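Participant:
Residue numbers (this note's numbering): 4 to 759.
#1: Kindly provide the ranges of any beta strand (DSSP E) runs that are 3 or more residues long and lie completely inside the region 566 to 630, ordered along the chain.
#2: Could you tell me whether the Cβ atoms of residue 115 and residue 76 are closer together than 9 Å?
#3: Quick check on the burial criterion: 16 or more other C-beta atoms within 10 angstroms. Buried or exposed for residue 16?
#4: Looking at the secondary structure, which residues open and close the alpha helix (DSSP H) in which residue 166 lies?
#5: Which two residues bound the contiguous beta strand (DSSP E) that contains residue 448?
#6: In chain order, what residues of the same chain lie with their CB nearer than 6 Å to the CB of residue 376, ignoring the 5 residues before and after it?
#7: Roughly how many angstroms separate the alpha carbons of residue 101 and residue 528, rounded to a whole number?
#8: If we count the other Cβ atoms within 10 Å of its Cβ and call it buried at 16 or more, is residue 51 buried or exposed?
#9: Can you tell me the Cα-Cα spacing of residue 666 and residue 653, whole angstroms?
#10: Where in the region 360 to 399 do unbroken runs of the alpha helix (DSSP H), each at least 4 residues long, occur, reported from the N-terminal end onward?
#11: Can you round the beta-carbon distance between residue 124 and residue 142 to whole angstroms, since I take them to be within the 8 Å contact cut?
#12: Nearest to residue 158 by alpha carbon, out of 178, 140, 176, 132?
#13: What residue range is occupied by the uninterrupted beta strand (DSSP E) comprising residue 732?
#14: Which residue marks the beginning of the alpha helix (DSSP H) containing residue 473, and which one marks its end?
#15: With distance defined between alpha-carbon atoms, name the residue in 291, 395, 388 nearest to residue 326.
#16: For residue 428, which residues of its own chain have a beta-carbon under 7 Å away from its beta-carbon, when the five flanking residues on both sides are left out?
#17: In three-state DSSP terms, what is residue 655?
#18: Does residue 64 pass the burial test, meaning 16 or more other C-beta atoms within 10 Å, or should it be called exposed?
#19: Count the other C-beta atoms from every protein chain shown that fall within 10 angstroms of the C-beta of residue 378, then say buried if there are 16 or more, exposed otherwise.
#20: Is residue 202 near residue 286, with beta carbons less than 9 Å apart?
#21: So what's residue 419 in DSSP terms, helix, strand or just coil?
#22: Nearest to residue 296 by alpha carbon, out of 282, 380, 269?
#23: Can the beta-carbon of residue 583 be found closer than 9 Å to that of residue 599?
#24: Short check: CB of residue 738 to CB of residue 589, under 9 Å?
#25: Between which two residues does the alpha helix (DSSP H) containing residue 91 stretch?
#26: Check residue 716 in the structure and name its three-state DSSP category.
#27: In the DSSP assignment, what are the bridge partners of residue 196?
#28: Looking at residue 447 and residue 2, is the spacing between their C-beta atoms short of 9 Å?
#29: Suppose the cutoff is 7 Å on Cβ atoms and the five residues either side in sequence are ignored; what does the same chain contact list for residue 53 look like?
#30: Should the region 186 to 198 be regarded as contacting the region 211 to 229, the criterion being three or more beta carbon pairs within less than 8 Å?
#31: Quick one: measure Cβ to Cβ for residue 397 and residue 348, integer angstroms, because I've assumed they're closer than 8 Å.
#32: Throw me the rounded Cβ distance for the residue 500 and residue 535 pair, which I believe falls under 8 Å.
#33: Is it buried or exposed for residue 275, if we count other Cβ within 10 angstroms and need 16 for buried?
#34: DSSP three-state label for residue 756, please.
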């Protein structure tokens, strides 16, 4: 199920810190007076005059070529209706966010206080010099049709009303693949449409462009079947008026090959699905609940191909599969418009991508061994990193071939490489981890539940279906914190080791602990006393199979928290020392750092084992580790204990693991400055692609590096991840945020899944 969204959580998310979801970030240096003089007066006069002499240079010297306006008047906001431009602004900011994270397109959201078509069109038209493209959003019908038509005619930049065309493009790809699976021809199928708004009309038009015969389409609005006998039809609906007459939607669906729903929930029954033709397709896309629930449709008949707008079932028709990449391709060739050939190119690119082998990162996200083309996979998954490099080039090529491109691409290989670099390889790892965790949530013990951050995280992971939390602590205190902060944790179990109800468990756990530690100076009395500590109690729950993972450490120091887990759960077979790893989510992609939390001054052998453990952890995320062993020296350029230690470790690793991409010793900048690395050290295993994994010579260096990158670079962090433990145990840093705790829980759940 989709995550449960509470009013308080949503309002806090949008208001916390800097209000809103987007900001303007400088892209040039502004550190000194020279920088400022170049950025503004007098230096700025030079690009101004260049643009004056050649207006096309505006794309060379300004952000216009990568800037889209998301424009609305708030008259059809989501399912909320006409709530006004100010109330629609959070949605427009959200749209801008999606443009940025999926296609690296910058956005200004613009909310217009007018419902007059002429005023709307004129306002957008006079802003044309600012933007490279215009995305129209949440404008009610029929005005949206006229606004888009006029703007496409009057502007010389691409314009698209995503509410109309996004769903049309994605569902068209699903249609083509569904027909291929069942062996039907597009010109032979009969289509029934429930809904006659902007999206339904656009979908139907695009289906017809793909070959559906207009006479084979039957559309229904709130008043019934749209046919030529009706006298209340506006020009848009008249276009879809049928010569047939159906008294009801149920009657119209008899024998239909495709049902397209863009209306409201629960207007289709199982009997109506059963009445359809062999191998029917049901695209039930009412938001948030479809015309017929997915389980009901697939239970009605085994041969149905079902798609909805929901993320918790197969074949999600999600507009994010389209608009970011369509605009990316249009902007990159400076298209004058987004035309039918470009939309059809996106359709066919999506359809073809579905038939290609799915990357491991997508399988990881959906907890699958091998997602492949079939009834449950007729359109790509939103986390597929190939969407950008597949759809944008297809759209750009179509723009060039249809004559609307003003800046043709000549080297497509270079263009694809540029697209890959925009977002960073594997940039979606955080979303992938959480998606995978949700596929098989596990029982996670929170040892420090007398903390509001921990309780908020527990609520979130429960609501998102990531984990089943178990709270350790004094129940009275925990319940008081829950009430004070208006949290919803009533059904989550709370265990107090000191309560009489836990006496039997204390005895049972103490006996197990005594058996493990009796020859290491622990007697039964001390063993029993140890079990009252929540970190020990929680570790024993995991050891005894009564929980799957332990999250601890937020309110205690690291060594005191990790020690009980080492004594109770222990290390994996063959592991001599555990290590700690952080993941930093950077524009280059995820960056893995180790050892950041455990080993103060590791030996050569320790460095080798830390590197091996880290490489295994990176591989679990279906990412190939490229490892740099860091210090102050570059391949013998300086002497010293740390330099020699890292150099010797690299030599050992090369012999033990010839295929491992690992090298050192080297300074921290070198594996990222590839030109310098290739020039001076072309022999290095990292010279081709650089590093995504960094191993440090001691705890001081690694911890300093991690904290500097996190705070100064403002990178989101996941960690510390404890490597080498037999079962998932994660020890939080003091002051971890709710988001950091949630990420840690997701990692713990994924590890528990992998370890069975």
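No residue lacks a Cβ here, since even glycine has one placed at the ideal position from N, Cα and C. Quick caveat: nothing in here was measured; it's all calculated off a predicted structure.
Facilitator: Result, derived from the coordinates:
#1: Residue ranges of uninterrupted beta strand (DSSP E) with 3 or more members, entirely inside the region 566 to 630 and ordered along the chain, are 582 to 589, 592 to 597.
#2: Inclusion of residue 115 and residue 76 in the CB contact set at 9 Å is warranted, their separation being smaller than that value.
#3: Taking all protein chains shown into account, residue 16 has fewer than 16 neighbouring C-beta atoms within 10 Å of its C-beta and is therefore exposed.
#4: Unbroken alpha helix (DSSP H) run through residue 166: 165 to 185.
#5: Here the beta strand (DSSP E) through residue 448 covers 445 to 449.
#6: Closer than 6 Å at Cβ, skipping near neighbours: 357, 358.
#7: So the two alpha carbons sit approximately 58 Å from each other.
#8: Under this definition residue 51 is an exposed residue.
#9: For residue 666 and residue 653, the gap between their C-alpha atoms comes out near 6 Å.
#10: Runs of the alpha helix (DSSP H) lying entirely within the region 360 to 399 and spanning at least 4 residues, in chain order: 363 to 368.
#11: In this structure, residue 124 and residue 142 do not form a Cβ contact; the two beta carbons are roughly 11 Å apart against a cut-off of 8 Å.
#12: The candidate whose alpha carbon is nearest that of residue 158 is 132.
#13: Residues 732 to 734.
#14: Where residue 473 is concerned, there is no enclosing alpha helix (DSSP H), although the beta strand (DSSP E) around it starts and stops at 470 to 475.
#15: Its Cα nearest to that of residue 326, the residue 395 stands out among 291, 395, 388.
#16: Note that residue 428 scores a pLDDT of 49, beneath 50, so its modelled location is shaky; the value from the coordinates is reported in the next line. Answer for residue 428: 592, listed in chain order.
#17: DSSP places residue 655 within a helical segment (H, G or I) once states are collapsed to three.
#18: Exposed, since its Cβ has fewer than 16 Cβ neighbours within 10 Å.
#19: Buried: at least 16 other Cβ atoms inside 10 Å.
#20: Contact flag unset, no.
#21: The answer is helix: DSSP assigns residue 419 an H, G or I state.
#22: Nearest option by C-alpha distance: 269.
#23: Annotated as proximal: residue 583 and residue 599, with beta-carbon spacing under 9 Å.
#24: Residue 738 is not a Cβ neighbour of residue 589, given a cutoff of 9 Å.
#25: Here the alpha helix (DSSP H) through residue 91 covers 88 to 106.
#26: Collapsing the DSSP output to three states places residue 716 in coil.
#27: Looking at the DSSP output, residue 196 bridges to 222, 263.
#28: Look at the range of the chain in this structure, 4 to 759, and you will see that residue 2 is not part of it.
#29: Here the set comprises 60, 64.
#30: With a cut-off of 8 Å, the region 211 to 229 and the region 186 to 198 count as touching, because enough Cβ pairs lie within range.
#31: Indeed, because the Cβ distance is near 4 Å, the residues count as touching under 8 Å.
#32: Contact flag correct, Cβ pair sits at about 5 Å.
#33: That one is buried.
#34: In the structure shown, residue 756 sits in a helix (DSSP, three-state: H, G or I).
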